[in-house]
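What follows is a set of notes on a single structure, which appears directly below.
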Amino acid sequence: MLVHIKEIAALAAEKKCAVGAFNIHNFESIIGVARAAVEANSPAIIQVSEGAIKYMGIKPITHLVATVAKNIAAPVPIALHLDHGRSFESVFECIRAGFTSVHIDASNLPLDENINLTQQVVELAHRKNVWVQGEVGAMVGGHGDLHGTLKEIPIASLDDVVNFVRRTGVDTIAAAIGTAHGVYDNEDIRVDLVKSIKSATKIPFVLHGGSGVAEDKIRAAIKAGVNIINIGSDIKIAFCQTLIKQCLGHQEETDPRNLLQPTMAAVATVVLDKMKLFGSAGQIKVQRIET
Ligand code: G3H
Ligand code: ZN
7 MLVHIKEIAA
17 LAAEKKCAVG
27 AFNIHNFESI
37 IGVARAAVEA
47 NSPAIIQVSE
57 GAIKYMGIKP
67 ITHLVATVAK
77 NIAAPVPIAL
87 HLDHGRSFES
97 VFECIRAGFT
107 SVHIDASNLP
117 LDENINLTQQ
127 VVELAHRKNV
137 WVQGEVGAMV
147 GGHGDLHGTL
157 KEIPIASLDD
167 VVNFVRRTGV
177 DTIAAAIGTA
187 HGVYDNEDIR
197 VDLVKSIKSA
207 TKIPFVLHGG
217 SGVAEDKIRA
227 AIKAGVNIIN
237 IGSDIKIAFC
247 QTLIKQCLGH
257 QEETDPRNLL
267 QPTMAAVATV
277 VLDKMKLFGS
287 AGQIKVQRIE
297 T
């Protein structure tokens, strides 16, 4: 069922687990996330980037997610969120389309400009009962990048994050804490920083760059107060590797469905594993009617 993201955040806080915010790129990945959520009895956040919106269109995405949440994922809560919205126009489009949460990512701007733009988004969004995620300290890396070493992974300053949250009134906060977008072998999590941010701001902390981070670090971050974990690259990689294998193995195939069918299962497998790791699996008590 489609719910406001605040219901999912409240559940994560109550159960002391994290809920995955999964980037979707096409119809198959939406279905993959929905099937995993149902199999795991877990809530899920379906998030879309500006790139995904450009690819699929805002209306098709909104309607597809709503329909899939209502039907395939009827027993579990699903929320729709904009990931890394870079402009006021971008978040406005999603608010108008019915998203219950938007990320305004102005972390590449000087802090004062970031605060200024985020304040404008909060003012509009809160009038429409939409949650806003803000970000401090730009994330490095690239979605879908595989197995490299980053020269440097910047870390946000605690004072900047606390100041940003107080001045903007955002509902959730993301900050650079040692992870990166993509899969790199030197990703880390500054658990001490997460704890300090959490105790100073009291709002849900969103961990970006969840792919490629060691499982024990993810567990420690959840214990320290992370409530939402973004997963993008692992989904993209599973989808592409499966599709490439299918295409190479069935070069005479003429029915696209036969090539694409296994990609849904590949996405679902990745998402299901994350739900187990994040502790969100099994948190929704579904009454199954025996027949
Ligand atoms: O905003 C999306 C994420 O932070 C995804 O990061 O590609 O490393 O999983 P990832
Ligand atoms: Zn991110």
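Mapping of the sequence shown onto my numbering: residues 7 to 297, in sequence order. Ideal Cβ positions, reconstructed from N, Cα and C, are used throughout, including at glycine.
Spatial distance of residue i from residue j (CA atoms)
i	j	result
Q139	A131	11 Å
I101	V108	8 Å
E56	H90	7 Å
G215	A103	26 Å
A274	F245	10 Å
V200	D165	13 Å
F98	Q257	43 Å
T174	R92	16 Å
R133	T106	12 Å
M270	K282	18 Å
G285	C23	5 Å
P210	I234	7 Å
Residue i - partner residues in DSSP beta bridges
i	result
T185	DSSP lists no partner for T185.
Q139	H109, T178
F211	I179, V232
Y190	G154
I161	I183
L86	I52
I237	F28
L8	I84
G91	I110
G147	H187
Short Cβ contact (8 Å threshold) for residue i with residue j
i	j	result
A186	L156	yes
E13	P83	yes
D151	S239	yes
V212	N236	yes
V44	P81	yes
L254	E34	no
R196	I183	yes
T207	A15	no
V167	I159	no
Rounded Cβ spacing between residue i and residue j (contact assumed at less than 8 Å)
i	j	result
V277	G26	7 Å
I29	I241	Just to set this straight, residue 29 is Asn in the shown sequence, not Ile. Their Cβ separation, rounded to whole angstroms, is 6 Å, which keeps N29 and I241 in contact under 8 Å.
S217	V189	5 Å
F94	Q125	In fact, because the Cβ distance is near 11 Å, the residues do not count as touching under 8 Å.
I37	I78	7 Å
A75	L8	4 Å
| task | Could you name each continuous beta strand (DSSP E) segment of 3 residues or more that falls completely within the region 13 to 52, going from the start of the chain to the end? | result | Inside the region 13 to 52, DSSP marks whole beta strand (DSSP E) runs of 3 or more residues at positions 25 to 29, from first to last along the chain.
| query | Which runs of the alpha helix (DSSP H) fall wholly inside the region 56 to 85 and span at least 4 residues, in chain order? | reply | You should have 56 to 62, 64 to 76.
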